[in-house]
Amino acid sequence: MPLVPPPRPKALPLSTDVPPSSVLAGNQPEWSVGDLASALKQTLEERFGHVRLRGEISGFRGVHGSGHAYFSLKDGQARIDAVVWKGVYGRLRQKPQEGLEVVATGRITTFAGKSSYQIVIDSLEPAGLGAWMALLEERRKMLAAEGLFLPEHRKPIPFLPRIVGVVTSPTGAVIRDILHRLQDRFPRPVLVWPVRVQGDGAAEEVAAAIRGFNALTPSGPIPRPDLLIVARGGGSIEDLWAFNEECVVRAAFESVIPLISAVGHETDTTLIDHVADRRAPTPTGAAEMAVPVRADLIATVAELAARGGGAVRRRIERDHADLRGLVRAMPGPDMLLATKRQRLDLAEARLAPALAAGAARHRVRLQALLDRLARRSPELALANARARLERIDDRAHRALVVDLRRKEDQVAQLARRLVVAKGTGLERARALEARRRDRLNGLAARLAQAGSHDIERRHARLQALGQLLGSLSYRAVLDRGFALVRDGEGHPLRRAEDAEAAQRLSLQFADGTVEALPAKTKRAPRAKAKPPSQASLFEG
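The sequence shown lines up with residues 1303 to 1842 when you count with the numbering used here.
Here it is as C-alpha cells:
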C-alpha cells in the first residue's frame, strides 16, 4: 500500500529497488521526521485495523504509575511491543502475567517517540486449555501458600439454618433445583442474590454478593442468612473461570457465614471449592447438605420421646423398689432417740454446779474492779490533766516570743543586703547598655557602607545588561538596512509564500513603518517529471 504524502511538496514513491544515488537531487522530496512517522502510522492503521496475536508475555513488570501496562508479545521468531491503557486494564478478564501464553486482540499502530510499531490491546485471554490449566495451577499454589486452603479455617455447617442465602443466576435451572430440594426436605426462607455466573464481570458480581450477604445485620430489615450456597451448573473451564478468580476465592475465605460451594458437576473443580466450608457435587447436593429431612427428624424425635418415656418409667419403678427396701432396713424412732435422751440427762445434771461456779468467779472479778476504781479516782486524774495543760500553755507562749524576735533580725539583715545589691545591679545595667549602644552604632555604619557598595555594583550590572540588550535587539538589524515584514494581525512573516497568502503587509524600517499590499502573481506550474517505474515501499 503506497504511503500518504505529506502536505508540503509532492513526493515520489519510495523504492527499495533504485539506490539513493540514482535519484536526481532535484526530484528527491524532503520529508520531516514527523511527517514520515504520521504517514507510516496511517498506513499501518489502515492496513491492520484489528488483529489477533498469539504469543508469550515478556517484560511485564506490573502496572505503570500512570495506570497503563507495557510489555511485549513474542514467539520463537519475533517480538512486538504491547500496551494496555488504564481504562482497558481494569476491564480485562485475564490480567497480564510474565511468561503466560495469551491471545491478544487489538489494533496495530506506531509510536513515533521510538520509531517502532506496537499493538494496543483491547482484550486478553489465555491461549488454549493448557494455558488455562497452567494459570489455574499457578493461582492455586499461590493461594495455598498464603494458607487460604487450610482445613482449620473451615467453619461447621449449621444443622438447621433459619435463612439460606443463594448466590447464583436467577434464570437458570440451578435456583429451581435448589428451591425444589429445600421444599421437599425442610422448607426454609431463601434469599437469592442474582449474579452473572460467567463472562466479563461475573467474578466481581459473585464476590460482591458474598460480601453483601456478610454485611447484613441479623436484626436488620433484611436478616443475614445462617448459610450461603454459591451455585452454578456444569460447563467448560472457560465457563467456570469466574469461580477461579482471586477476588471470589478471597471473598469466600473472608465470609463469616458458613459457605457451601456447588459449582459445576461432580467432576468439575474450581478454586472456590478449596476455600469453601463444604463442597457439594451438584447444586441439588448443596441443598441436601443445607437442611435435614423434616420427616426423618419428626420420626427420630418421636422415637427418642418414646425411648425417653420408657426409661423414665423404668427408673421410677427401680427407685420405688429401692425405697421400700431402705424403709424396711431403717431402725425405729425409739432406737434413734435413746442415745440423744441419755446425753440430755447428763447435761442437765452438770448444769446446776456449773452455774454456781460461774457466778462465784464473776463475783470475785467484780470486787477486784471496784478496788482498782477506788485507788484511781476520776477526780484525781482530771486535776493532774489540768496542771499539765497549764504548763504546756506557758511553754508555747515563751517559744512564740523567741521565734518572733529571731524573724525580725532576719528581715533586717535581708533589707541591708537588698540595698547593697540594688546599687550594684544598677551600675552593671548602665555599663551593659553603653556597650550595646556602641555595638549598634558600629553595625549601622557597616550596614550603610555595604548598602552603598551593593547599589554601585547593581548599577554597573544594569548598565552592562542595557548595552547587551541594545546589541541584541532586532532594531540594530533594522539600522543596517533590513526591514521586518508582518501580516495584518502583526505576526512576523519569514517566507515569501506566507507573504503572498497575507491580505495586508506591514514593513517596519529603522525610522518607521509602511503599510503595503502583496502582489498577486501566478507562478507557472512546475512540470512534473514522469517518475520511473518504481515499486512501492509496501508492495512485493
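All C-beta atoms, glycine included, are put in the ideal place defined by N, C-alpha and C.
What's the gap between the Cα of residue i and the Cα of residue j?
i	j	result
G1415	F1545	42 angstroms
R1782	Y1419	52 angstroms
K1443	R1609	52 angstroms
D1705	A1717	19 angstroms
H1455	V1508	21 angstroms
A1662	A1656	10 angstroms
D1598	V1492	22 angstroms
A1517	G1369	30 angstroms
D1285	A1785	In this structure the chain extends from 1303 to 1842, so residue 1285 is not present and cannot be described.
A1273	R1763	Given that the chain is displayed from residue 1303 to residue 1842, the structure contains no residue 1273 and the question cannot be resolved.
V1325	S1334	For V1325, the predicted model reports a pLDDT of 46, less than 50, meaning its position is unreliable; a value from the coordinates is still stated below. Computed Cα separation, rounded: 19 angstroms.
A1818	H1366	57 angstroms
K1343	H1352	14 angstroms
P1496	P1472	5 angstroms
K1824	V1787	Annotation note: pLDDT 48 at K1824 (below 50); position unreliable, no value reported.
A1670	A1658	19 angstroms
Q1712	R1674	56 angstroms
N1743	L1728	23 angstroms
M1637	A1623	25 angstroms
S1775	G1768	10 angstroms
I1421	A1504	27 angstroms
H1793	E1799	14 angstroms
P1680	R1719	59 angstroms
R1737	R1759	34 angstroms
L1639	E1605	52 angstroms
Just mark residue i as buried or exposed, buried being the case when its beta carbon has 16 or more other beta carbons within 10 Å.
i	result
P1398	buried
A1687	exposed
S1323	Because the pLDDT at S1323 is just 47, under 50, the model does not fix this residue reliably, and the value given afterwards should be weighed accordingly. The residue is exposed, with fewer than 16 neighbouring Cβ atoms inside 10 Å.
G1408	buried
R1381	exposed
S1417	exposed
T1602	exposed
V1386	buried
A1654	exposed
E1710	exposed
A1406	buried
P1489	exposed
P1585	buried
F1373	buried
T1519	exposed
A1371	buried
I1512	buried
R1279	In the structure as shown, the chain begins at 1303 and stops at 1842. Residue 1279 is therefore absent and cannot be evaluated.
T1412	buried
A1683	exposed
L1402	buried
E1650	exposed
R1696	For the sequence presented, residue 1696 should be read as Asp rather than Arg. With fewer than 16 other Cβ atoms within 10 Å, it is exposed.
For residue i, collect the residues of the same chain with a Cβ closer than 8 angstroms to its Cβ; drop the 5 residues on either side in sequence, then sort them by chain order.
i	result
D1528	P1460, P1463, R1464, I1465, V1466, I1559 and P1560
T1815	S1808 and L1809
P1458	P1560 and D1579
G1336	A1414
D1502	R1393 and R1395
To the nearest whole angstrom, what separates the beta carbons of residue i and residue j, a pair I think is in contact under 8 angstroms?
i	j	result
I1410	L1346	5 angstroms
T1470	A1533	4 angstroms
I1423	V1390	7 angstroms
A1554	A1578	6 angstroms
D1789	A1804	4 angstroms
L1450	V1550	With 8 angstroms as the limit, L1450 and V1550 do not qualify as a contact, their Cβ atoms being about 12 angstroms apart.
L1452	L1426	At roughly 32 angstroms, the Cβ-Cβ gap does not stay under 8 angstroms, so L1452 and L1426 are not in contact.
R1441	L1573	7 angstroms
Taking 6 angstroms as the limit between beta carbons, can you name the residues of its chain near residue i, skipping five residues before and five after?
i	result
R1877	In the structure as shown, the chain starts at 1303 and stops at 1842, and residue 1877 therefore has no counterpart that could be examined.
E1802	P1820
D1575	S1563 and R1581
A1589	I1480, R1483 and L1484
G1566	G1536 and L1542
P1583	E1568
R1487	V1593 and V1595
Grab me the residues of residue i's own chain with a C-beta within less than 7 angstroms of its C-beta, minus the 5 sequence neighbours each way, in chain order.
i	result
K1376	G1357, E1358 and S1360
I'd like to confirm the pairing. Which residues does DSSP put opposite residue i in its beta bridges?
i	result
F1413	S1418
I1600	DSSP output for I1600 lists no bridge partner at all.
Q1500	The partner list for Q1500 (beta bridge, DSSP) is empty, contrary to what the question assumes.
Q1845	Look at the range of the chain in this structure, 1303 to 1842, and you will see that residue 1845 is not part of it.
V1404	G1357 and P1428
T1889	Not covered by the structure: residue 1889. The range shown for the chain is 1303 to 1842.
K1376	E1358 and R1381
I1531	V1468 and I1562
The ligand SAM heavy atoms versus the CB of residue i: any closer than 6 angstroms?
i	result
G1503	Judged by which ligands are present, the structure shown has none, so any question about the ligand SAM falls away.
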